[in-house]
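Visitor: Below you'll find the structure I mean.
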Amino acid sequence: MGFFSSFTRPGKSEQTNLKDEIDIMDAINAHVHWKIRLESYLNGTSEEKLDPKIICRDDQCKLGKWLHGPALKYFRDSDVGYRTLRDDHAKFHVIASNVVTNAQANNMAAAKVLMSGEYMRASRKVVRDLTELSKQTPT
9 MGFFSSFTRP GKSEQTNLKD EIDIMDAINA HVHWKIRLES YLNGTSEEKL DPKIICRDDQ
69 CKLGKWLHGP ALKYFRDSDV GYRTLRDDHA KFHVIASNVV TNAQANNMAA AKVLMSGEYM
129 RASRKVVRDL TELSKQTPT
């Protein structure tokens, strides 16, 4: 079993509700899409106005809103898997925000170093955590 095996096992009807509340594949795709958004921003082809003060908040995206709200019906803060996902997700947002902050300060070298290092590691961790959650959540 993965590290999400320590989660409280919801009953059958609660499992159905969990699947109705959060689409794990959508959350994975949204985090993968951040790379494309940030790369476009860094190379100047993005039309987006990215605000690092918003990006750094892990409770603004769909996954973050779920983690800080409805997920608490299923998982305790003491659950290692939940805490790992929540913490990795928060770090991801801080690093993504730092990429944008560096780009806005015209420090493209630092932004690119973050993208190829810390950002990629943080992104992979969130995807791994979500993949583990999907394995522990019956279809």
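So the sequence shown is residues 9 to 147, counted in the numbering used here.
We put the CB at the ideal spot given by N, CA and C, even for glycine.
In the segment 47 to 112, which residue ranges form an unbroken alpha helix (DSSP H) of at least 4 residues, counting only runs that do not cross its ends?
Guide: Taking only runs of at least 4 residues, the alpha helix (DSSP H) segments lying wholly in the segment 47 to 112 are 60 to 63, 70 to 75, 88 to 112.
Visitor: With distance defined between alpha-carbon atoms, name the residue in L71, D59, E29, N110 nearest to L138.
Guide: For the purposes of this step, residue 138 is taken as residue 130 along the sequence shown, with counting starting at 1. Checking every option, the nearest Cα to that of L138 belongs to L71.
Visitor: Note the first and the last residue of the continuous alpha helix (DSSP H) segment covering E126.
Guide: The residue you call residue 126 lines up with position 118 of the sequence shown. No alpha helix (DSSP H) holds E126; DSSP gives it neither H nor E.
Visitor: Ignore the nearest five residues each way along the sequence and tell me which others in S142's own chain have a CB closer than 7 Å to its CB.
Guide: As a position in the sequence shown, residue 142 is number 134, starting the count at 1. These residues qualify, in order along the chain: I32.
Visitor: Reducing DSSP to helix, strand and coil, say where I32 ends up.
Guide: Against the sequence shown, residue 32 aligns to sequence position 24. I32 falls in the helix class under three-state DSSP.
Visitor: Are A130 and K81 close, meaning C-beta to C-beta below 8 Å?
Guide: In the sequence shown, the residue the question calls residue 130 occupies position 122. In the sequence shown, the residue the question calls residue 81 occupies position 73. For A130 and K81, no; Cβs fall outside 8 Å.
Visitor: Does DSSP classify K20 as helix, strand or coil?
Guide: Stepping through the sequence shown from its first residue, residue 20 is reached at position 12. Reliability of the predicted coordinates at K20 is poor, the pLDDT of 49 falling under 50, and the value obtained from them is presented with this limitation in mind. Here K20 sits in helix by DSSP.
Visitor: Given 8 Å as the limit, is there contact between the segment 43 to 62 and the segment 117 to 132, that is, 3 or more CB pairs closer than that?
Guide: Touching, yes, given that three or more Cβ pairs across the two stretches are closer than 8 Å.
Visitor: For G89 versus E140, is the C-beta distance shorter than 8 Å?
Guide: Translated into the one-based positions of the sequence shown, residue 89 becomes position 81. Translated into the one-based positions of the sequence shown, residue 140 becomes position 132. Yes, they are a contact pair.
Visitor: Whose CA, out of M116, T53, F83, E47, lies closest to the CA of Q144?
Guide: Here residue 144 is taken as the residue at index 136 of the sequence shown, counted from 1. Nearest of M116, T53, F83, E47 to Q144, Cα basis: F83.
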